[in-house]
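Q: Structure in structure tokens, see below.
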Amino acid sequence: MTAAFLVLALRHHLRRQRIVSLAATFMMLGLAAFLFAHACDGTVRAYQLGNWPAPFGITLVLDRLSAAMLLLTAFLAACVAIYVAGGVDGRGRHFHPLFQFQLMGINGAFLTGDVFNLFVFFEVMLIASYGLMLHGGGPGRLKAGFQYVAINLVLSVVFLVAVGLIYAVTGTLSMADLAVKVPQVEPADAALLKTGALLLFLVFATKAALVPLHWWLPATYAGTSAPSAALFMIMTKVGAYAIIRVYGLVFGAGAGPLAFAAAPFVVPAALATLVLGAVGLVGSRTLRDLSAFAVIASMGTLLISLGLFDVAGLSAGLYYLVHSTLAGAALFLIAGIVLEQRGAASDRLISAPAMGGETLLAGLFFLAAIALVGLPPLSGFIGKVMILEAVRTSAIWAWIWFAILGASLLMTFGFARAGSVLFWGSGPVSEPKPLPALPGLAAVVLLIGATVAWTLAAGPAAGVLGLTAQQALDPDAYIRAVIPPAVQFAGEP
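Under the numbering used here, the first residue of the sequence shown is numbered 52, with each subsequent residue one higher.
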């Protein structure tokens with residue numbers, strides 16, 4: 052509604068758009084906090100749109116996992132909205148309507164209770180992201196945007212084919228109903244259903260930038276504007292969330308022969324993603340490229356944990372997911388400020404005259420780098436320790452430890468090189484440089500502050516996320532909330 056209002060009533064009034072968009076985003080943050088507090092009682096709540104019962108109608112489902120993702124999205128969106136208030140939103144048209152449309156798509160993807168509407172919200176999210184990706188224009192951004200649009204159009208077709216295969220075999224797309232019917236599928240249809248499940252995994256893995264489906268991310272994230280890249284940090288997490296939801300609920304432990312259909316592919320691909328991200332980070336020539344490869348490395352670390360599909364792994368992964376989203380977004384926003392402050396040198400990793408506010412920027416970069424690498428004392432260190440402990444049950448835990456610790460060493464070298472060139476290798480200045488815009492600095496400080504707060508709250512957070520992981524991997528409560536037992540009984544042959 053906010054996006055439609057901005058387009059129809061305030062199309063030519065940027066300042067009013069900014070005020071309305073900020074107000075709507077902060078209201079969304081308050082609502083997300085309320086829903087999270089509501090979900091913390093452990094009850095799964097289903098809302099049937101139009102009072103059409105599942106599996107026939109559209110169902111929205113609120114549980115601990117979806118509520119946590121809503122709250123993370125809302126906080127990130129509030130920081131991005133503050134950043135663009137410094138004037139970035141005026142460099143192209145319709146930033147705020149696109150921003151609000153994308154938030155609708157992301158929130159819908161986290162709340163939907165059926166696979167077809169997951170596809171619909173993916174499309175809403177992606178259509179808005181096409182506009183945000185190209186906001187501000189320029190040949191480099193147009194080239195990166197073309198491949199981003201092309202890969203996502205192909206993925207949309209694959210998604211539809213996967214949905215069609217699953218519906219052809221089971222006759223339903225409700226996740227709760229699928230969790231009931233998948234174990235009952237005849238052996239003759241199992242191969243067709245598994246094909247649909249693996250095609251879905253292909254789509255989610257591409258969104259999550261798993262190797263070898265990661266290639267679109269560095270050019271896209273490094274090619275777009277800083278606030279768009281920061282907001283896109285939650286889009287890769289939508290892919291990870293979809294993997295948890297579909298392969299924890301529908302194709303989880305109770306799915307019979309199709310249990311954990313995609314699990315054999317996740318951890319090996321995640322290990323390759325982590326290593327490639329760390330190597331790419333060391334070889335980066337700009338701060339935006341470095342930030343994009345840091346995202347790839349963090350997704351590799353996250354999916355190693357999620358790929359275990361057990362409570363300990365998922366709990367550790369969720370802690371790391373929140374950390375990597377906050378720290379990664381902060382790094383992209385810092386890259387945007389550095390690019391603005393260095394003039395012709397842009398964000399290239401070469402020596403240039405000192406920037407205005409360089410000491411403050413260097414401090415913020417230092418904290419973001421420590422967090423992303425996983426050095427003590429920030430949340431990246433705690434998250435990696437939790438993941439290292441969780442993978443001790445894996446048969447290849449030694450390889451996982453080697454990959455995570457080795458990649459952390461490479462990333463330390465990459466960040467140290469970037470920081471020394473950008474902030475300690477600065478040349479003399481002939482005249483005082485202006486300070487960065489206050490809204491941009493405020494957004495970065497908020498994100499770094501949230502990372503520090505996440506570190507201090509690690510103990511209680513681990514307890515809450517442990518309960519979240521238990522609920523996400525236990526389909527019974529989800530099924531009962533979406534399809535009451537009386538309806539299940541009536542639907543049985």
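All C-beta atoms in this analysis are idealised placements derived from N, C-alpha and C, irrespective of residue type, glycine included.
Remember, predicted model here, so these are calculated numbers, not experimental data.
So, with DSSP's three-state summary, where would you put Ser225?
A: strand
Q: Expressed to the nearest angstrom, what Euclidean distance is found between the alpha-carbon atoms of Val330 and Asp340?
A: 12 Å
Q: Where do the N-terminal and C-terminal ends of the alpha helix (DSSP H) with Thr124 fall, by residue?
A: Arg115 to Val135
Q: Are Ala512 and Tyr371 closer than 9 Å when you measure CB to CB?
A: no
Q: In its own chain, which residues sit with a C-beta less than 6 Å from the C-beta of Gly159, not counting the 5 before and 5 after it?
A: Phe172
Q: For Ala97, write down the residues that DSSP places opposite it in a beta bridge.
A: Val112
Q: Going by the beta-carbon positions, is the gap between Ser335 and Met437 smaller than 9 Å?
A: no
Q: Go through the segment 135-166 residue by residue and report every complete run of the beta strand (DSSP E) that reaches 3 residues or more, in order.
A: none
Q: Check whether the Cβ atoms of Ile347 and Val442 sit closer than 9 Å, and answer yes or no.
A: no
Q: Answer with buried or exposed for Lys194, where buried requires no fewer than 16 other C-beta atoms within 10 angstroms of its C-beta.
A: exposed
Q: To test your reading of the DSSP string, which unbroken beta strand (DSSP E) runs of 3 or more residues are found completely within the segment 403-471?
A: none
Q: Would you list the residues sitting across from Thr337 in a DSSP beta bridge?
A: Beta-bridge partners of Thr337 (DSSP): Arg399.
Q: What separation, rounded to the nearest whole angstrom, lies between the Cα atoms of Ile499 and Cys130?
A: The alpha-carbon atoms of Ile499 and Cys130 are separated by roughly 11 Å.
Q: Only counting runs of 4 or more residues, tell me where the alpha helix (DSSP H) segments fall wholly within the segment 268-327, in order along the chain.
A: 277-296
Q: Taking buried to mean at least 16 other C-beta atoms within 10 Å of its own C-beta, is Val139 buried or exposed?
A: Result: buried.
Q: For Val95, which residues in the same chain have their Cβ closer than 7 Å to its Cβ, ignoring the five residues on either side in sequence?
A: Val112, Asp114, Ala528, Tyr529 and Ala532
Q: Three or more beta-carbon pairs under 8 Å between the segment 180-188 and the segment 138-155, yes or no?
A: yes
Q: When the Cα of Ser430 is compared with those of Gly414, Ser349 and Ala386, which residue comes out closest?
A: Ser349
Q: Going by CA-CA distance only, name the one from Ser225, Gly457 and Ala343 that's closest to Phe283.
A: Ala343
Q: DSSP three-state label for Ala504, please.
A: helix
Q: Counting C-beta neighbours from all protein chains within 10 Å, is the total for Tyr98 16 or more, i.e. buried, or is it exposed?
A: Its Cβ having fewer than 16 others within 10 Å, Tyr98 is exposed.
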